[in-house]
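Notes to accompany the following structure.
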Amino acid sequence: MNCVLGPDNILYDTVLFREVYNFVGQVLPCWLSWFVAGFVIIFLLVNAVLLGAAAFSWMERRLIGKFQNRLGPNRWGPFGLFQPIADMVKLLFKEDLTPGTADKLVFLAVPVAMVAPVMLMLAVVPFAKDTALANLNVGVLYILAVTSVTSIAIFMAGWSSNNRFALFGAARGVAVLISYEVPVVVSLLGVVMLAGSMSLADVVSAQTLPFIIVQPMAFFVFVAGTAAELNRTPFDMAEAESELIAGYHTEYSGIKFAMIQAAEFGGVMAASGVIVTLFLGGWEGPAAHWLGWLWFLLKTMAVAVGFIWVRATFPRLRIDQLLALAWKFLLPVSLINLLATALEIYFLRDASGVLTRGDLGIMTGINLALMAGCVFLFGSLVREKVRPVAPGLPPGVTPVILPARESPARDLPAGETD
Amino acid sequence: MFLDDYFRQYGLVAIFCVVAVAVPVSMMLMSWGMSRVGLRPRAPSAVKAETYECGMEAIGGKWNLFNFRYYMFAILFVIFDVEVIFLYPWATKFLSLELFALIEMAVFVGILLIGWAYAWRKRDLEWG
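As structure tokens, this is what we get:
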């Protein structure tokens, strides 16, 4: 048999794929080697999401415990490390209820539609040097397309449950998801322009300076939008426990609930991986050729801890504040970022359209100044709306004093008294 | 050769799609199988099948009224999302594009921004 991947093959650049293919190609036919090598990477990615979800749920509960000055899970295993396994076993052995009035088929399809996009997101993320399942030339667009499936899944959950809380949660969730989709996709345009490519491998190799400092506004908008799309506090209107029970997954129990939770926790890990790839230099670091996966993991963990920190710090926004933030702050900021990046690239690039590290440094300075200006400008625009109402009447409103009612006593004939 | 490359990469993504659907389906099948074997309780009753409603009987079904504002946001979303589809190819090739492309796209985004400002002026971005 002896199948060897030639350099003319597009998958030759994917190191992990090439090694596995060449190894199993010694005994297996070529088409089967292709499947085996693909399945090795797919196996890694599926487990990255599912085990990542377990690890993240443990990490989040421990850390939130620390943030709130309590212990968090500490019974099962050292530091409560086996808590996710205990949760999984409990949910697996629980009765799985379906409401009698539910739309059974859609109700059943929701967990699949929630988990699948989270896994698919990782298909194009390079998790080490030249190692991703597929280095698509439309990688950024692919990620945006796949993640937006979640909004359909949320609405399916809300509609099929036949429960008003679920439907309210779903309506809010979809409104938030589509509102934050717009600034997120606009903010990524700056990254795509700087890299000159939508392939994530090219985005990583273009980051001679990490894009977090070259594109601070895009980073801020993307992280805020991602937190909203993952239904994380402070943007978790879709499942606001205090008013909507559990939002769109009110009626879910047993394994289906476990899968929806796994999709949420795994989604945070996957989104952290995407943020790291787009803004924090991906697998780049010292000895990246050998240790790229380690840098990628460490950076992903750091971003995930950042998400937990945000959740422990900020209170939930109201739905009108949430949508106003997307449409009145994040969208203009991302458009300003787009215009600024376009102008900077136009004036800084050399004749062949290449940006050097020095050019990126100049852009960093301009963009940081611009971000400070934007925060100040928009902050002063919305300050009136967020300031708590002072006791008494607001300034500029004069109380209307009604004229005193005329007393009927005046019309009494002369000589008569009350 | 081009089509071949295309298949090699997108074929892997297609297989991954199948796996990503198969994994959650198999998890649900496993749970169903456990209820068959008796490892997992399965005793549906009329009370359990009721819609969840804070301890009371639910009145009415899913056909609730909700705010019309959601619809306005959906329309704005469609407009801007279509815009973005045109922006991405432009951004990908921008490093080698000329001044004309920059002005052209500024005009295109500017027209949309007028609509966005109009929606803001008409208080469609407010709530209630």
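Each protein sequence line maps, in turn, to chains A and B. When the letters of the first sequence are read in order and numbered with this note's numbering, they come out as residues -7 to 410. When the letters of the second sequence are read in order and numbered with this note's numbering, they come out as residues 1007 to 1134. Just so you know, even glycine gets a beta-carbon here, dropped at the ideal spot from N, CA and C. All of these numbers come straight from a predicted model, not from anything done at the bench.
Cβ neighbour criterion (16 or more within 10 Å) applied to residue i
i, result
"Leu128(A)", "buried"
"Tyr1094(B)", "buried"
"His241(A)", "buried"
"Cys(-5)(A)", "buried"
"Ala115(A)", "buried"
"Met1007(B)", "Since pLDDT at Met1007(B) reaches only 49, below the 50 mark, its modelled position is unreliable, and no value is offered."
"Pro307(A)", "exposed"
"Phe1013(B)", "exposed"
"Asn39(A)", "exposed"
"Glu336(A)", "buried"
"Ala1052(B)", "exposed"
"Met1062(B)", "exposed"
"Val392(A)", "exposed"
"Met1033(B)", "buried"
"Gly411(A)", "With chain A covering -7 to 410 only, the question about residue 411(A) has no answer from this structure."
"Ser1102(B)", "exposed"
"Thr123(A)", "buried"
"Phe71(A)", "exposed"
"Gly131(A)", "buried"
"Gly284(A)", "buried"
"Tyr421(A)", "There is no way to answer for residue 421(A), as the model of chain A reaches only from -7 to 410."
Neighbour list for residue i in chain A, Cβ cutoff strictly below 7 Å
i, result
"Leu1093(B)", "Leu181"
"Met1033(B)", "Ile247, Met251"
"Val1025(B)", "Ile34, Val38"
"Phe1074(B)", "By Cβ distance, chain A contributes nothing, its closest Cβ being about 11 Å from Phe1074(B), past 7 Å."
Rounded separation between residue i and residue j - CA only
i, j, result
"Ala145(A)", "Asn61(A)", "36 Å"
"Phe1114(B)", "Leu323(A)", "16 Å"
"Asn329(A)", "Trp1096(B)", "16 Å"
"Ile358(A)", "Phe1072(B)", "44 Å"
"Val184(A)", "Glu1110(B)", "18 Å"
"Lys1128(B)", "Thr356(A)", "37 Å"
"Phe249(A)", "Leu89(A)", "10 Å"
"Pro1050(B)", "Ile1091(B)", "48 Å"
"Ala78(A)", "Gly273(A)", "36 Å"
"Phe214(A)", "Leu186(A)", "16 Å"
"Leu314(A)", "Trp1122(B)", "17 Å"
"Ile468(A)", "Gly182(A)", "Outside the shown range of chain A (-7 to 410) lies residue 468(A), about which nothing can therefore be said."
"Gly1044(B)", "Gly217(A)", "44 Å"
"Phe74(A)", "Ala46(A)", "9 Å"
"Tyr1136(B)", "Arg164(A)", "Past the edges of chain B, shown from 1007 to 1134, lies residue 1136(B), and the structure says nothing about it."
"Thr43(A)", "Glu243(A)", "The sequence given here places Leu at residue 43(A); Thr does not occur at that position. Cα-Cα distance, rounded: 25 Å."
"Ala238(A)", "Pro1030(B)", "22 Å"
"Leu1119(B)", "Thr1098(B)", "22 Å"
"Pro118(A)", "Leu37(A)", "11 Å"
"Leu8(A)", "Ala1064(B)", "55 Å"
"Ser153(A)", "Leu236(A)", "14 Å"
"Met209(A)", "Leu180(A)", "10 Å"
"Ala105(A)", "Leu340(A)", "44 Å"
"Phe85(A)", "Cys366(A)", "52 Å"
"Phe1100(B)", "Gly345(A)", "9 Å"
Closer than 8 Å at the beta carbon, the chain B residues around residue i
i, result
"Pro91(A)", "Ala1055, Glu1056, Thr1057, Tyr1058"
"Leu327(A)", "Val1115, Leu1119"
"Asn155(A)", "Thr1057, Tyr1058, Glu1059, Ala1064, Lys1068"
Proximal chain A residues relative to residue i, where beta-carbon distance stays under 9 Å
i, result
"Leu1071(B)", "Within 9 Å Cβ-Cβ: nothing; Leu1071(B) doesn't reach chain A, min ~10 Å."
"Val1145(B)", "A query on residue 1145(B) cannot be resolved here, the shown segment of chain B reaching from 1007 to 1134 and no further."
"Arg1155(B)", "What the structure shows of chain B is the stretch from 1007 to 1134, and residue 1155(B) is not part of that stretch, so it cannot be assessed."
7 Å CB neighbourhood of residue i in its chain, flanking five on each side removed
i, result
"Ser197(A)", "none"
"Glu113(A)", "Looking at the sequence shown, residue 113(A) is not Glu but Met. Same-chain partners within the cutoff: Ile135, Val138, Thr139, Ala262, Val266."
"Met52(A)", "The identity of residue 52(A) in the sequence shown is Glu, whereas the question assumes Met. Ile300, listed in sequence order."
"Ile311(A)", "Arg164, Met229"
"Leu289(A)", "none"
Cutoff 6 Å; reference residue i; Cβ partners in own chain excluding five residues on either side
i, result
"Met251(A)", "Pro103, Val107"
"Val1025(B)", "none"
"Leu63(A)", "Gly57"
"Phe211(A)", "Ile204, Phe271"
"Val16(A)", "Ser25, Val28"
"Leu362(A)", "Ala332"
Contact set for residue i: own chain, Cβ-Cβ below 8 Å, skip 5 residues either direction
i, result
"Val302(A)", "Ala219, Arg224, Thr225, Pro226"
"Leu309(A)", "Pro226, Phe227, Met229, Leu317"
"Leu360(A)", "Ile205, Pro208"
Proximal residues of chain A, C-beta to C-beta of residue i below 8 Å
i, result
"Tyr1124(B)", "Neighbours of Tyr1124(B) on chain A: none; closest Cβ ~13 Å, over 8 Å."
Neighbouring residues, chain B, relative to residue i (Cβ below 7 Å)
i, result
"Val174(A)", "Phe1083, Phe1086, Asp1087"
Partners in chain B for residue i, counting only beta-carbon separations shorter than 9 Å
i, result
"Ser171(A)", "Phe1079, Leu1082, Phe1083"
Query raised in the report: Looking at chain A, which residues of the stretch 1101 to 1116 of chain B have a Cβ within less than 8 Å of any of its Cβ atoms?
Result: Leu1101, Ser1102, Leu1105, Leu1108, Met1111, Ala1112, Val1115
**Report entry** Cβ-based contacts, 7 Å cut-off: residues of the stretch 338 to 349 of chain A near chain B
**Finding:** Those would be Tyr338, Arg341, Gly345, in chain order.
Query raised in the report: Using a Cβ cut-off of 8 Å, which residues of the stretch 301 to 320 of chain A contact any Cβ in chain B, in chain order?
Result: Ile311, Asp312, Leu315, Ala316, Trp319, Lys320
Report task. Report the residues of the stretch 249 to 276 of chain A with a CB closer than 7 Å to any CB of chain B, ordered along the chain. Result -> Correct list: Met251.
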